[in-house]
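Heads up: the structure comes next, in structure tokens.
Numbering (the numbering used here), first residue to last: 1 to 307.
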């Protein structure tokens, strides 16, 4: 850029003034700077100014206002991600998920066992702190909201309303119908505020040694009735004991947080396989108890399971 236009000079002066106002170090224009370099310099300064402005604004907020702002930002980011996913095709969404999964696997592969354990410990502590804060916030709101002269601010109320709406419509599917949220692994309905997770056919296949018919029969040394196996089979997952009542979108299934966590890589033990399969067979027994054809085989399998 050989010559500066009047607009460029005014824009530089405006950014420089804001840098002085918020205490940000101004980056001087370099001689011979191109338009792309100027734009990059302006963007860098604008981001630094915005970070400092938000930091000062948070410092002046009360804890309640800060929490409400964070909740509103989280809801806005979540809504933006949902809009982006809604505009993507199933293949694009799957490609994004695969890329994220591959990136996480590469990161874990570069970490030592101590670093992975430390990361899990920090995640557990963060979730524990979040639950503690949420519980205390709900307790304070429930106990005091009708006995104080200062009602909760609008952002906090809006966040509660959005949370309630999200829970109420999470069974709504893209075709406009509603379907219960059922875990594909343990065949239980996910109710209340319990998190609904998604698991892929690939992840289920990775856990075939836990949730397959062969694994169950080898562990308990009892064959399952062919009709029961047929009733708890899902297309494209031959040999796995899965719930056909679970919602499916392409190669992704809904599942509960417990089963989803147990099927993740680097999880400790194979407890999820025994527990999930027990849940399925126990429910099979309850559903078909009155049918004579199933009494002998199923009864033996369930009795052995419960023992």
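Glycine included, each C-beta is placed from N, C-alpha and C at the ideal position.
From the DSSP output, in three-state form, read off residue i for me.
| i | result |
| --- | --- |
| residue 222 | coil |
| residue 8 | helix |
| residue 160 | helix |
| residue 198 | strand |
| residue 31 | coil |
| residue 229 | helix |
| residue 113 | helix |
| residue 122 | helix |
| residue 235 | coil |
| residue 100 | helix |
Does the Cβ of residue i have 16 or more other Cβ atoms within 10 Å, making it buried, or fewer, making it exposed?
| i | result |
| --- | --- |
| residue 112 | exposed |
| residue 187 | buried |
| residue 359 | What is shown of the chain runs 1 to 307, which leaves residue 359 out entirely. |
| residue 9 | exposed |
| residue 175 | exposed |
| residue 192 | exposed |
| residue 207 | buried |
| residue 77 | exposed |
| residue 190 | buried |
| residue 146 | Note that residue 146 scores a pLDDT of 48, beneath 50, so its modelled location is shaky and nothing firm can be said. |
| residue 129 | exposed |
| residue 30 | exposed |
| residue 32 | exposed |
| residue 211 | buried |
| residue 13 | exposed |
| residue 260 | buried |
According to DSSP, what are the bridge partners of residue i?
| i | result |
| --- | --- |
| residue 240 | 212 |
| residue 259 | Beta-bridge pairing links residue 259 to no other residue. |
| residue 248 | 253 |
Since residue i contacts residue j with CB under 8 Å, what's their CB separation in whole angstroms?
| i | j | result |
| --- | --- | --- |
| residue 241 | residue 216 | 7 Å |
| residue 181 | residue 247 | 7 Å |
| residue 226 | residue 234 | Their Cβ separation, rounded to whole angstroms, is 16 Å, which puts residue 226 and residue 234 out of contact at 8 Å. |
| residue 199 | residue 255 | 5 Å |
| residue 236 | residue 213 | The pair is not a contact, with the Cβ atoms about 15 Å apart (cut-off 8 Å). |
| residue 45 | residue 20 | The Cβ separation is near 12 Å, so there is no contact. |
| residue 159 | residue 75 | 6 Å |
| residue 230 | residue 153 | Actually they are not in contact, since the Cβ atoms of residue 230 and residue 153 sit about 56 Å apart, beyond 8 Å. |
| residue 315 | residue 156 | Limits of the chain in this structure are 1 at one end and 307 at the other, which puts residue 315 out of reach. |
| residue 194 | residue 257 | 6 Å |
Under 7 Å from any heavy atom of the ligand MG, does the C-beta of residue i make it?
| i | result |
| --- | --- |
| residue 174 | As presented, the structure is devoid of all ligands, the ligand MG included, so that no description of it is given. |
Inset, instruction - Within the segment 164–215, note down every full beta strand (DSSP E) run reaching 3 residues or more, in order along the chain. - result: Segments of the beta strand (DSSP E) lying fully in the segment 164–215: 196–200.
Inset, instruction - Would you mind listing the alpha helix (DSSP H) stretches within the segment 13–98 that are 4+ residues and don't spill past its ends, in chain order? - result: Segments of the alpha helix (DSSP H) lying fully in the segment 13–98: 35–60 and 63–87.
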